[in-house]
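A.B. asks: Residue numbers are given in my numbering: position 59 of the sequence shown equals residue 704, and the series is strictly consecutive. The beta-carbon is built from N, C-alpha and C at its ideal position, and this holds for glycine as well.
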Amino acid sequence: MAEIAAIGADRTRGGYSRHVFDPAERELREWFTTSAERIGLDVDVDRNGNIWAWWGAPADGAVVTGSHLDSVPGGGAFDGPLGVASALAAVRRLRGEGCQPRKSIAVVAFAEEEGGRFGVPCLGSRLLTGAISPERALTLTDTDGTTFADAATKAGFDPGRFGKDDVALSRIGTFVELHVEQGRGLIDAGSPIAVGTGIDPHGRWRLSFTGRGDHAGTAAVADRNDPMIPAARTVLAARAAAGHGPRDTRATVGKLVPVPGGTNVIPARVDLWLDSRATATEATREAVTAITDAARAAANDEGCHVEVTEESWSGPVSFDARLRDRLRTMLNEPPLLPTGAGHDAGVLAAHVPTAMLYVRNPTGISHSPAEHAEDDDCEAGVDALAEVLREVSL
Ligand code: HGY
Ligand code: MN
Ligand code: MN
Ligand code: MN
646 MAEIAAIGAD
656 RTRGGYSRHV
666 FDPAERELRE
676 WFTTSAERIG
686 LDVDVDRNGN
696 IWAWWGAPAD
706 GAVVTGSHLD
716 SVPGGGAFDG
726 PLGVASALAA
736 VRRLRGEGCQ
746 PRKSIAVVAF
756 AEEEGGRFGV
766 PCLGSRLLTG
776 AISPERALTL
786 TDTDGTTFAD
796 AATKAGFDPG
806 RFGKDDVALS
816 RIGTFVELHV
826 EQGRGLIDAG
836 SPIAVGTGID
846 PHGRWRLSFT
856 GRGDHAGTAA
866 VADRNDPMIP
876 AARTVLAARA
886 AAGHGPRDTR
896 ATVGKLVPVP
906 GGTNVIPARV
916 DLWLDSRATA
926 TEATREAVTA
936 ITDAARAAAN
946 DEGCHVEVTE
956 ESWSGPVSFD
966 ARLRDRLRTM
976 LNEPPLLPTG
986 AGHDAGVLAA
996 HVPTAMLYVR
1006 NPTGISHSPA
1016 EHAEDDDCEA
1026 GVDALAEVLR
1036 EVSL
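1) With distances taken Cα to Cα, identify the nearest neighbour of T863 among A839, D965, L714, I911.
2) Shortest alpha-carbon distance to E675 belongs to which of D810, L714, A654?
3) Going by the DSSP bridge assignment, what does K1107 pair with across the sheet?
4) Could you check whether G719 and G660 sit closer than 8 angstroms to each other, using their CB atoms as the reference points?
5) By the three-class DSSP mapping on this structure, what secondary structure does F802 have?
6) Kindly provide the ranges of any alpha helix (DSSP H) runs that are 4 or more residues long and lie completely inside the stretch 665–700, ordered along the chain.
7) Can you give me the C-alpha to C-alpha distance between D946 and S963, rounded to a whole angstrom?
8) What do you get for T586, buried or exposed, if any count of 16 or more other CB atoms within 10 angstroms of its CB means buried?
9) Should K748 go down as buried or exposed, given a rule of 16 or more other Cβ atoms within 10 Å for buried?
10) At what residues does the alpha helix (DSSP H) containing G830 begin and finish?
11) Using the C-alpha atoms, what's the distance from D689 back to F666?
12) Would you list the residues sitting across from M1001 in a DSSP beta bridge?
13) When the Cα atoms are used, what is the spatial distance from M873 to E931?
14) Given a cut-off of 8 angstroms, decide if L917 and I936 are closer than it, judged by their beta-carbon atoms.
15) Can you give the Cα-Cα distance for R671 and G701, rounded to whole angstroms?
16) What do you reckon, are the CB atoms on L1030 and L993 nearer than 8 angstroms?
17) Could you tell me if Q745 is buried or exposed, where buried requires 16 or more neighbouring beta carbons within 10 angstroms of its beta carbon?
18) Can you tell me where the alpha helix (DSSP H) with V736 in it begins and where it stops?
19) Buried or exposed: where does P668 fall if 16 or more other Cβ atoms within 10 Å of its Cβ makes it buried?
20) Give the DSSP-derived three-state secondary structure of T954 in the structure shown.
21) Give every residue of the same chain whose Cβ lies closer than 8 angstroms to the Cβ of C1023, excluding the five residues on either side of it in the sequence, and list them in chain order.
22) Alpha carbon to alpha carbon, what distance is there between L901 and N909?
23) Any chance the CB of E758 is under 7 angstroms from a heavy atom of ligand 3?
24) Provide the residue(s) that pair with V840 in DSSP beta bridges, ordered along the chain.
25) Say yes only if the C-beta of H824 is nearer than 7 angstroms to one or more non-hydrogen atoms of ligand 3, and no if none qualify.
26) With respect to the alpha helix (DSSP H) encompassing P875, which residues constitute its N-terminal and C-terminal limits?
27) For P875, count neighbouring Cβ atoms within 10 angstroms of its own Cβ and tell me buried if that reaches 16, exposed if not.
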């Protein structure tokens, strides 16, 4: 992890900003390729921008491990890269021990897991599995208006080849993702590692409020149609729809963009993005309905209009019970951990036997520079992953 500590450091927001095909992420891709080749793996980039490092010929039924290299804006150092670095370290250890796996082993880094640039999470694994159409993916745009197609072309990919990759998918016999924990479960359990049970359903919605832009100093309030007002009421409605416990319904507005965005300008439009999650689909959907109903009522009160668009949905995930229990047995019964955080493992779980390992985060905070993992807990994660790869590849 130290080797990449300077890549994508965000001087203005703190933490790291590493987004698909941007300079920082491309530097991380180079780090991954160099590190993998240094331990004797063969690196291959698939048509959807995911990078694969192979120990043994790419063959069906391989044991695959890995995670992602990209981050949220101003994110922590461990979310994603810890899984990739631990996978490389585990493979290096097994090779150093002279391990002779019967199945090929691959380390993968999936593209745009956070959706930090183009808005849809797990874009690389969704493209691989067909969970998103290439048509929709290629037209996604970033805040500069650059399309995913243009960014991919600039990075040397052929947009015409993006899409479901049955060959790559058939090669995955088992997928195990190691990830820093994004919560307090392992702090409370007093354990360095845990085995994942599943992922809460969650989605992202874009709400665009349109009103009438005007001058902040001359437009009387009585005459205003200010989209910031219904946007602000929607933020409060999100909090009102959420529960307060760690496994209750969650609703978050982390991104709100007034247009044009001048201090002395009543915005013409305000876009906000809602992230909602719960342990059950119904609860998530109920929260979103309550929030969008409140948004429409607030827009109406202010003489504004609101357009609601579902940008992504990830249904509830339960990891393969047999594989989960097999990992638990071989790792001396570490705690089991549900999570509200999405992962590429959540996308793959619908297609191949999938498991997750978590490493303790002593702050319990993630998607923030405060995210952390201690060296000896990271070591425990590599020990566990090496054990799993050794067992599952025999
Ligand atoms: O948003 C998430 O849950 C994940 O970090 N992509
Ligand atoms: Mn994340
Ligand atoms: Mn992650
Ligand atoms: Mn003026």
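C.D. replies: By the coordinates alone:
1) I911
2) L714
3) Nothing in the structure corresponds to residue 1107, since the chain is present only between 646 and 1039.
4) Yes.
5) coil
6) 668–683
7) Using only the alpha carbons, I get a separation of about 42 angstroms.
8) Lying outside 646 to 1039, the shown extent of the chain, residue 586 is not represented and no answer is given.
9) buried
10) 830–834
11) D689 has its alpha-carbon roughly 16 angstroms from the corresponding atom of F666.
12) E822
13) 24 angstroms
14) The answer is no: Cβ separation not under 8 angstroms.
15) 25 angstroms
16) no
17) exposed
18) 726–741
19) exposed
20) strand
21) M646, L727, S731, V1004
22) 18 angstroms
23) yes
24) Looking at the DSSP assignment, V840 forms a beta bridge with L981, L1002.
25) yes
26) 873–886
27) buried
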